[in-house]
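*Asks:*
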Amino acid sequence: GAVVSQHPSWVICKSGTSVKIECRSLDFQATTMFWYRQFPKQSLMLMATSNEGSKATYEQGVEKDKFLINHASLTLSTLTVTSAHPEDSSFYICSASQVGQMLAKNIQYFGAGTRLSVL
Amino acid sequence: AQKITQTQPGMFVQEKEAVTLDCTYDTSDPSYGLFWYKQPSSGEMIFLIYQGSYDQQNATEGRYSLNFQKARKSANLVISASQLGDSAMYFCAMRERGGATNKLIFGTGTLLAVQP
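Heads up: the sequence lines are chains A and B, in that order. Taking my numbering, I'd label the letters of the first sequence as residues 1 to 119. Taking my numbering, I'd label the letters of the second sequence as residues 1 to 116.
1) Would B:ARG72 be called buried (16 or more neighbouring beta carbons within 10 Å of its own) or exposed?
2) When you compare each of B:PHE106, B:GLN115, B:PRO116 to B:THR7 by their alpha carbons, which one comes out closest?
3) Measuring alpha carbon to alpha carbon, tell me which of B:LEU77, B:GLY52, B:SER28 ends up nearest B:TYR90.
4) Could you tell me whether the region 88-95 of chain A touches the region 106-117 of chain A, where touching means 3 or more Cβ pairs closer than 8 angstroms?
5) What does B:LEU84 touch in chain A if you count any residue whose Cβ is under 7 angstroms from its own?
6) For A:GLY113, which three-state DSSP category applies?
7) Taking 8 angstroms as the CB-CB cut-off, is A:PHE28 touching chain B?
8) Mind checking A:PHE34: buried by the 16 CB within 10 Å criterion, or exposed?
9) Indicate whether B:MET11 and B:THR108 have their beta-carbon atoms separated by less than 8 angstroms.
10) Using alpha carbons as the reference points, say which of B:GLU61, B:TYR54, B:SER53, B:VAL114 lies closest to B:TYR37.
11) Measuring CA to CA, which of B:GLN115, B:GLY85, B:CYS23 is closest to B:SER42?
12) Whole angstroms is fine: what's the gap from B:GLN83's alpha carbon to A:ARG115's?
13) At a CB distance below 7 angstroms, what residues from the region 78-91 of chain A approach chain B? Give them in sequence order.
14) State yes or no: is the beta carbon of B:GLY107 nearer than 8 angstroms to at least one beta carbon in chain A?
15) Given A:GLN98, which residues of its chain have a CB within under 6 angstroms of its CB, disregarding the five upstream and five downstream residues?
16) Leaving out five residues on either side along the sequence, give the residues of the same chain with a beta carbon under 8 angstroms from the beta carbon of B:ASP22.
17) Go ahead and pull the three-state DSSP assignment for B:GLU15.
18) Pick from A:SER117, A:LEU76, A:ASP65: whose alpha carbon is nearest that of A:GLU87?
19) Quick check on the burial criterion: 16 or more other C-beta atoms within 10 angstroms. Buried or exposed for A:LEU26?
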């Protein structure tokens with residue numbers, strides 16, 4: 001159980017275009033989904049926390065208008081990189097935590113990540 | 001502020017041997033959770049093991065065990081009988097229960113290479 005699907009796994013786009021990444025919890029309902037960015041050989045950096053039915057909470061330094069997050073249902077959150085530029089090239093990975101679990105043990109289950117290359 | 005430290009950027013281990021990956025943490029919250037994740041070269045983050053701050057016993061999950069020393073604020077991951085498929089990045093993470101959100105803070109990771 002606790003499978004998180006992320007799509008696409010790899011996307012190449014032209015500079016100036018927008019890219020949408022989907023994150024779905026397949027066999028559980030996710031109160032909260034998280035979006036991370038990871039540069040090569042570095043740790044995960046939290047970009048934003050997405051709660052179903054409400055606006056996402058962005059971490060300091062993350063541009064809200066650049067990285068649009070929509071969490072329309074308990075099983076789907078999307079991240080849209082608007083007007084992507086080469087510096088946005090990175091590995092983006094989402095995670096989801098299950099409704100009802102005790103907060104301290106609330107395990108985040110991760111998607112397989114999306115490798116974005118902006119040319 | 002909470003912090004996770006992994007001091008080993010990389011390690012080698014022989015197949016079938018045990019290996020310990022170090023993790024120390026800092027928090028002022030008496031209630032917190034500690035997690036270990038594995039990230040193979042394919043990129044996905046795989047949850048391995050969880051330890052709660054009030055748990056009396058060290059967590060174990062198959063070949064994974066967590067050596068939790070609360071007074072020393074360490075939560076080392078022990079992998080027994082290493083396998084070639086264990087080669088990956090390993091991240092230690094922590095969440096404070098008293099926080100307003102469910103955010104995880106990750107360490108910088110340890111790259112484990114299992115040699116045949």
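Cβ coordinates follow ideal geometry from the N, Cα and C atoms, glycine included. Small disclaimer: the values here were computed from a predicted structure and weren't measured.
*Replies:* So, from the data block:
1) B:ARG72 is exposed by the Cβ-count criterion.
2) Nearest to B:THR7 by alpha-carbon distance, out of B:PHE106, B:GLN115, B:PRO116, is B:PHE106.
3) Ranking B:LEU77, B:GLY52, B:SER28 by Cα distance to B:TYR90 puts B:LEU77 first.
4) Verdict: yes, contact present.
5) Against chain A, a Cβ distance below 7 angstroms from B:LEU84 picks out nothing, because the smallest value is about 21 angstroms.
6) Assignment of A:GLY113 by DSSP, reduced to helix, strand and coil, places it in the coil class.
7) No, no contact with chain B.
8) Per the 10 Å Cβ criterion, buried.
9) When the beta-carbon positions are compared, B:MET11 and B:THR108 stay at least 8 angstroms from each other.
10) Residue nearest to B:TYR37 within the set B:GLU61, B:TYR54, B:SER53, B:VAL114 is B:GLU61 (criterion: CA-CA distance).
11) Of all alpha-carbon atoms in B:GLN115, B:GLY85, B:CYS23, the one lying nearest the alpha-carbon of B:SER42 is that of B:GLY85.
12) C-alpha of B:GLN83 to C-alpha of A:ARG115: approximately 28 angstroms in a straight line.
13) So the list reads PHE91, given in the order they occur along the chain.
14) Closer than 8 angstroms to some Cβ of chain A, the Cβ of B:GLY107 qualifies, so yes.
15) Counting only Cβ-Cβ distances below 6 angstroms, and skipping sequence neighbours, we find PHE28.
16) The answer, listed in chain order, is GLN6, THR7, GLN8, SER74, ASN76, THR110.
17) In the structure shown, the three-state DSSP call for B:GLU15 is coil.
18) Closest in C-alpha terms to A:GLU87, from the list A:SER117, A:LEU76, A:ASP65, comes A:SER117.
19) It counts as exposed.
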